[in-house]
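Below is one structure; the comments refer to it alone.
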Amino acid sequence: MRYLVRRTASFVVVLFGVSTLSFALGVFAPGDPAELFLERALGRPPTDVQIKEQRHQMGLDRPLAERYLAWLTGVTRGDLGESWSTGRGVFTELIEALPHTVILALAALTAAIGVAVPVGVAAAARPRSLVDHGSRIAAVLGSSLPSFFLGYLLMLVFGVHLRLLPVVGASSASHLVLPAVTLAASLAATFTRVIRSNVLVSLSEEYVRAARARGVSEGLVLFRHALQPSLIPFITIVGLSLGHLLSGAVIVEWIFSWPGLGKLGVDAINNRDYPLIQGWVLVMSAAFAASNLMADLAYMWADPRVRLARGAEA
Amino acid sequence: MGQVATLPRHLLVLAALLAACGGPVPLTQQTLSVGVGADRFLTELPSRPDLGKYPLNAGVFDTLVRMDERFQVEPMLAERWTYDRAANTYRFALRRGVRFHDGTELTADDVKYTFDLIIKAYPHNYEELGTESIHAADRYVVEVTPTRTNQRLAEQIAHPIWGINRQRSDPLRPVGTGPFRFVDYTRNSRFVVERFDGYWNPSRVAKVHRLTFQFVADPQARMLAARGGQLDLVSDVPPSVIPALEQPGSNLQILRSDVGTFDALNFNIHGGAPFTFGSDPAVREAVGLAIDRLAVVRAAWGTAAEPSTTWIPPAVLGQHASVIKAPSFNPDRAAHVLDAAGWRMGTDGIRQKDGRQLSLAYSVTFPPSEHRTAPEFIQRQLKDVGIETRIELMGDAGVSGARRRNGEYDIVHLTGNQNEPYPCFLPDLQYYSKSMAAPTRWTAPGGATDTAIEACRAAADIAEARRHAADAIHQLVDVEHILIPIAGLRRIWAARMNVRGFVPHPSDTNQRWEGVHLVR
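Residue numbers (the working numbering), protein chains in the order written: chain A, 227 to 540; chain B, 5 to 524.
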């Protein structure tokens, strides 16, 4: 319990640090947000008087400490301010985009696990076989190809030449396939290698030999005796991969016109929309920190040895 | 045996189905998908009546007058108009029997409502108009009295932003009189319209049933979606892919507009140290002479642009465009001008004067991709005459705007659009010395340029306005050498081979859609 409290406290500290940094980002980045806002709003360069008025309206002429305190107070109440580019609440913008990213991330995660588990087990069952070599080459390719390149490649093959799948948009389930596969590729590569090596280690354990000696079928040996214990460290890897999914989604969502958090972030940066950028950074960091915390807790829950050791530390 | 007997029957059904699928879709049922850039409605404030009008003009609205593909004003909802010089009042006579998409008739009250809404939404853009300026004289006549003399109002309100809304309609569910009626807008995804069968102009009733504008920010993805058949028509084709798409066997056709966008260099003539090179007329003249704009345009844009001498599209200036000569490529003359001004070639190939190297801060406005590779080519050509340039690619619009506002550059590379037929729109915006816009203080020479701009505003007819606009640009390009036109850019669209009736407009905000359709 004490461990849980300590980890939660560190989570709050991380969020505070991130919120401070994201506020500083908006303050110290070059360029004048008021001028940019006006130029976009008016469709022409603003006058000095207009810029001064706008700075006042945006509160940019208030002391830094006052602005920071106001922003921080707002954050604690869930008020992330108003987007300068859309005039809507930042929280609303984030909440509207979030489901799209969650769907994409879940689809990518499912695809990655769905590929990695059978391929990893098959490669471990027959080391140095064709399957093992093939999965290694695929893993190297999957983890080394940049997502934008893979995305275009998939568009070209499945969208242009085979015409099997739509290339852009988010209006049906088929639109999900290419972005999810693009996002899943490097994850699947990592997962496959982790599963393979863990299963390989398990297969050399005494209990596996004992099971085989008892005449347990090879399938049961592989999937119950070797794979099950290998899944415990895998939980951590999956938890940590959420960060990869969120960061990877920025590029993938952009090229596939997927209206999720990643695309929202790029749009916010292009528009110099500081309140939205600050809110976006905060939410992404919170998601990343929360996923780490959850992975840690899940690991504790799954492995009694860890629970006992952490309990003793506390 | 029974299975064998049913097989021909199945084949017959299949053949019938295939025949049905393969037949031409009647125009009345056709749907067309158009890929456009990022959703820029997002960045418009919610209080503005811009949805469906600007920046994407989806054909939902009509304006009182419109700008055709040759930048000429033509009547639209206003059948005719007059200007009373003494009273400084315009009288627009509305077309009768025009219906909004909700079935109600267009009246002068709708025009007043819309104009008041726009003036309120853009208080600083239309300072010569106040809410008291607009008056519904009777059911079909609108009077507009600017707060100061403005003889160019008819050209200014051709901009699609002045599209007429049904009074008191929800701007987020736009109701206009255009050839298409609004169906759906999904933020960041699509804008959908359908043919309006009750359109007032029978010769311009839309041909297709439905148009879906899909927002696809990434140009490569847009192209791939068109090649894959997901989109029928896509905007802003990257110049680099045009040659491949024009090869035999391509499943897309390239459609080009006339020139509608400019690409030009602009000197900072009033800069403080160290940005003082632009105050030397010899440096300005030499830069213009050292640039081979034909080579720059061919290398950077290929067939998507043409060398420009007039800065704004020549069609806007009419016959007066020939007044502007623009410096021709002549590196020897450039060297001579610099020598005569005391800029001597240094041992490192860079000229110097009084111990100061001729090294210009060359600011490339955001997004730098618009200028393609032109800055690098220009840098190379200037180096040949001993002028060093330090290219500064602006990382985002914020930095770019701040540099221009603060005058922290010697030369700035700009692009811009001619979205209205008012010939002095751009000279007035960028080079009028009494303008309050911050960037103008570094570029406006005053004197004869101001005189020409003021004469353009006060011109009694459009021909006279064009003459004064050409005079103003002549001053900037040929006399002061502050402005160096580089390229006139075309709008490049790609369409599937079966798309017909699409005429690209040089100003994309004035694009028309009613003629577009598919053939088998």
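Don't be surprised by glycine CBs; every beta carbon is placed ideally from N, CA and C.
Would you decide whether residue i is buried or exposed? Buried here means 16 or more other CB atoms lie within 10 Å of its CB.
{"i": "Ser370/A", "result": "exposed"}
{"i": "Asp287/A", "result": "exposed"}
{"i": "Glu1/B", "result": "Coverage of chain B is limited to positions 5 through 524, which leaves residue 1/B absent and any answer about it impossible."}
{"i": "Trp347/B", "result": "buried"}
{"i": "Pro53/B", "result": "buried"}
{"i": "Thr299/A", "result": "exposed"}
{"i": "Ala499/B", "result": "buried"}
{"i": "Ile496/B", "result": "buried"}
{"i": "Leu306/A", "result": "buried"}
{"i": "Cys25/B", "result": "With a pLDDT of 46 at Cys25/B, under the threshold of 50, the predicted position of this residue should be treated as unreliable, though the coordinate-derived value follows. Exposed, by the Cβ-count rule."}
{"i": "His543/A", "result": "Given a span of 227 to 540 for chain A in the structure shown, any question on residue 543/A remains unanswerable."}
{"i": "Asp43/B", "result": "buried"}
{"i": "Phe242/A", "result": "exposed"}
{"i": "Ala235/A", "result": "exposed"}
{"i": "Phe200/B", "result": "buried"}
{"i": "Leu11/B", "result": "The pLDDT assigned to Leu11/B is 45, lower than 50, so where the model puts this residue is not dependable; a value taken from the coordinates is nonetheless given after this. It counts as exposed."}
So, for residue i: in the same chain, excluding its five sequence neighbours on each side, which residues have a beta-carbon less than 6 Å away from its beta-carbon?
{"i": "Gln479/B", "result": "Ala452 and Thr453"}
{"i": "Glu479/A", "result": "Gly486, Gly488 and Lys489"}
{"i": "Gly27/B", "result": "At Gly27/B the pLDDT is 49, less than 50, meaning the model places this residue with poor confidence and gives no usable figure here."}
{"i": "Ala342/A", "result": "Ala414, Phe417, Thr418 and Ile421"}
{"i": "Thr393/B", "result": "Leu364, Tyr366, Gln383 and Leu386"}
{"i": "Pro372/B", "result": "Leu397"}
{"i": "Thr118/B", "result": "Ile168 and Asn169"}
{"i": "Glu374/B", "result": "Thr419"}
{"i": "Arg470/B", "result": "Leu321, Gly322, His324 and Pro427"}
Could you tell me whether the Cβ atoms of residue i and residue j are closer together than 9 Å?
{"i": "Ile138/B", "j": "Lys116/B", "result": "yes"}
{"i": "Leu98/B", "j": "Tyr58/B", "result": "no"}
{"i": "Ile321/A", "j": "Ala225/B", "result": "no"}
{"i": "Gln76/B", "j": "Ala464/B", "result": "no"}
{"i": "Leu519/A", "j": "Val244/A", "result": "no"}
{"i": "Arg531/B", "j": "Thr265/B", "result": "Since the first residue shown for chain B is 5 and the last is 524, residue 531/B is missing from the structure and cannot be characterised."}
{"i": "Gly465/A", "j": "Val476/A", "result": "no"}
{"i": "Thr406/A", "j": "Ala337/A", "result": "Here residue 406/A turns out to be Ala, not Thr, going by the sequence shown. In this structure, Ala337/A lies closer than 9 Å to Ala406/A by Cβ."}
{"i": "Leu330/A", "j": "Leu457/A", "result": "no"}
{"i": "Phe104/B", "j": "Gly41/B", "result": "no"}
{"i": "Val341/B", "j": "Glu380/B", "result": "no"}
{"i": "His521/B", "j": "Lys329/B", "result": "no"}
{"i": "Glu261/A", "j": "Gly405/B", "result": "yes"}
{"i": "Asp236/B", "j": "Val38/B", "result": "yes"}
{"i": "Trp305/B", "j": "Leu430/B", "result": "no"}
{"i": "Tyr378/A", "j": "Leu228/B", "result": "yes"}
Quick one: what's got a C-beta closer than 7 Å to residue i's C-beta in the same chain, skipping five residues either side?
{"i": "Gly252/A", "result": "Tyr500, Ile503 and Gln504"}
{"i": "Ala456/B", "result": "His472, Asp475, Ala476 and Gln479"}
{"i": "Thr513/B", "result": "Tyr58, Pro59, Asn61, Pro164 and Asn423"}
{"i": "Thr307/B", "result": "Ile246"}
{"i": "Ile488/B", "result": "Ala268, Leu269, Val291, Gly292 and Ile295"}
{"i": "Pro127/B", "result": "none"}
Whose Cβ in chain B lies nearer than 8 Å to the Cβ of residue i?
{"i": "Phe482/A", "result": "Ala225"}
{"i": "Lys278/A", "result": "Going along chain B, no residue has its Cβ under 8 Å from Lys278/A, so there is no contact; the nearest lies around 11 Å."}
{"i": "Ala396/A", "result": "Ser193"}
Counting only Cβ pairs nearer than 8 Å, list the residues of chain A close to residue i.
{"i": "Val403/B", "result": "Pro256 and Gly257"}
Which same chain residues, not among the five before or five after residue i, have their C-beta less than 8 Å away from its C-beta?
{"i": "Gly385/A", "result": "Leu391, Pro392, Val393 and Leu404"}
{"i": "Glu83/B", "result": "Ala97, Leu98 and Arg99"}
Kindly list, in the order they appear in chain A, the residues whose Cβ is closer than 7 Å to that of residue i.
{"i": "Arg409/B", "result": "Glu261"}
{"i": "Phe219/B", "result": "Ser483"}
{"i": "Gly232/B", "result": "Gly385, Val386, Arg389 and Val393"}
Since residue i and residue j are thought to touch, with beta carbons under 8 Å apart, how far apart are those beta carbons, to the nearest angstrom?
{"i": "Thr369/B", "j": "Leu418/B", "result": "6 Å"}
{"i": "Ala338/B", "j": "Val301/B", "result": "Contact doesn't hold; Cβ gap of about 19 Å is too wide."}
{"i": "Ile391/B", "j": "Arg360/B", "result": "At roughly 13 Å, the Cβ-Cβ gap does not stay under 8 Å, so Ile391/B and Arg360/B are not in contact."}
{"i": "Arg233/A", "j": "Asp522/A", "result": "6 Å"}
{"i": "Gly107/B", "j": "Phe186/B", "result": "The pair is not a contact, with the Cβ atoms about 14 Å apart (cut-off 8 Å)."}
{"i": "Ser428/A", "j": "Pro455/A", "result": "6 Å"}
{"i": "Val347/A", "j": "Phe449/A", "result": "7 Å"}
{"i": "Ala513/A", "j": "Leu468/A", "result": "7 Å"}
Given that residue i touches chain B, what residues does it touch there, using C-beta distances under 9 Å?
{"i": "Leu382/A", "result": "Leu228, Arg231 and Gly232"}
{"i": "Tyr378/A", "result": "Gln224, Ala225 and Leu228"}
Anything in chain A within Cβ reach of residue i, meaning under 9 Å, just list it in chain order.
{"i": "Ala406/B", "result": "Pro256, Gly257, Asp258, Glu261 and Leu262"}
With 9 Å as the threshold, decide whether the Cβ of residue i is near any Cβ in chain C.
{"i": "Asp287/A", "result": "The question asks about chain C, but that chain is absent: this structure's protein chains are A and B."}
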